[in-house]
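**Q** There's a structure below that I have some questions on.
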Amino acid sequence: MTRLLLHACCAPCSLEPLRMLREEGFEPTICWCNPNIQPAEEHDRRLEELRRYCEATETPLIEAAEDYARWERGVAPIGALSRERRCRACYALRLAEACRVAEREGFEHIATTLAVSPYQLFDVCNEVLAQLARAHGLVPVIRDFRPWYAEATRRSRELGMYRQNYCGCRFSAAEAVLDRAHLRDERRRAKEAVRKGAADKGGCGAAGCV
Ligand code: SF4
Numbered sequence: 003m004t005r006l007l008l009h010a011c012c013a014p015c016s017l018e019p020l021r022m023l024r025e026e027g028f029e030p031t032i033c034w035c036n037p038n039i040q041p042a043e044e045h046d047r048r049l050e051e052l053r054r055y056c057e058a059t060e061t062p063l064i065e066a067a068e069d070y071a072r073w074e075r076g077v078a079p080i081g082a083l084s085r086e087r088r089c090r091a092c093y094a095l096r097l098a099e100a101c102r103v104a105e106r107e108g109f110e111h112i113a114t115t116l117a118v119s120p121y122q123l124f125d126v127c128n129e130v131l132a133q134l135a136r137a138h139g140l141v142p143v144i145r146d147f148r149p150w151y152a153e154a155t156r157r158s159r160e161l162g163m164y165r166q167n168y169c170g171c172r173f174s175a176a177e178a179v180l181d182r183a184h185l186r187d188e189r190r191r192a193k194e195a196v197r198k199g200a201a202d203k204g205g206c207g208a209a210g211c212v
């Protein structure tokens with residue numbers, strides 16, 4: 003088995019990468035380093051869920067140093083100006099620390115769960131991981147876990163895991179609220195169009211009415 007350090011953003015996103023990397027012959031140790039998660043209660047809740055899962059499955063877990071002030075200095079000022087620049091800086095800050103841990107602990111391979119979710123910036127994340135891994139003399143193990151996101155969702159629900167509905171920072175929390183509002187509006191508009199179409203054909207358009 004080949005030892006690998008797997009940077010993890012949360013327990014639900016770790017499920018499928020752990021399974022698949024083990025199937026490939028890797029022996030993953032999880033590394034937690036996510037000073038981007040706000041507020042503190044949310045950060046602690048996600049970490050606690052990951053601790054529970056690692057303990058239950060006897061998966062080794064390393065909790066790395068988290069520099070919240072550095073995140074505020076290096077990532078927060080980008081804010082909502084450019085999501086790509088903000089997330090790139092955020093990925094880099096977290097993965098750089100994970101690479102330092104991997105080097106210190108004698109790992110040769112490194113991977114991350116950051117791009118499991120289809121809502122993340124897959125190419126940006128992997129580009130950052132590859133650059134940092136190379137700079138630390140590590141082998142980046144880059145896989146596309148996104149096709150298994152639905153399975154991760156199903157399994158994490160089945161396990162009763164805590165599942166968050168935004169990426170982590172305060173900007174992503176606000177963006178998620180807006181996205182959900184847009185989706186609600188779109189659904190409302192679509193329903194309205196169906197109702198209008200039915201009414202134009204002579205029905206009343208109400209549910210169950212012909
Ligand atoms: S959206 Fe996620 S990856 Fe991007 S800056 Fe916020 S916490 Fe970091």
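Heads up, this note's numbering is the position in the sequence shown plus 2, with the first residue counted as 1. Where a beta carbon is used, it is the ideal one built from N, C-alpha and C, also for glycine.
1) How many whole angstroms separate the CB atoms of C127 and A117, which I take to be in contact at a CB cut-off of 8 Å?
2) With a threshold of 7 Å, establish whether the CB of R88 neighbours any heavy atom of the ligand SF4.
3) Sorted by chain position, which residues of the same chain lie with C-beta nearer than 6 Å to A209's C-beta, five sequence neighbours on each side aside?
4) Going by DSSP in three states, P79 sits in which element: helix, strand or coil?
5) V126 by DSSP, collapsed to three states: which one?
6) Using the beta-carbon count (16 or more within 10 Å), is Y93 buried or exposed?
7) Where does A135 land, buried or exposed, given buried means 16+ other C-beta within 10 angstroms?
8) So is Y55 buried or exposed if we call it buried at 16+ other beta carbons inside 10 Å?
9) Taking only heavy atoms of the ligand SF4 into account, decide whether any of them is closer than 7 Å to the Cβ of Y93.
**A** Taking the structure as given:
1) 4 Å
2) yes
3) Residue placement at A209 cannot be trusted, given a pLDDT of 46 that sits under 50; the coordinates are not used to answer.
4) Helix.
5) Helix, per DSSP.
6) buried
7) buried
8) buried
9) yes
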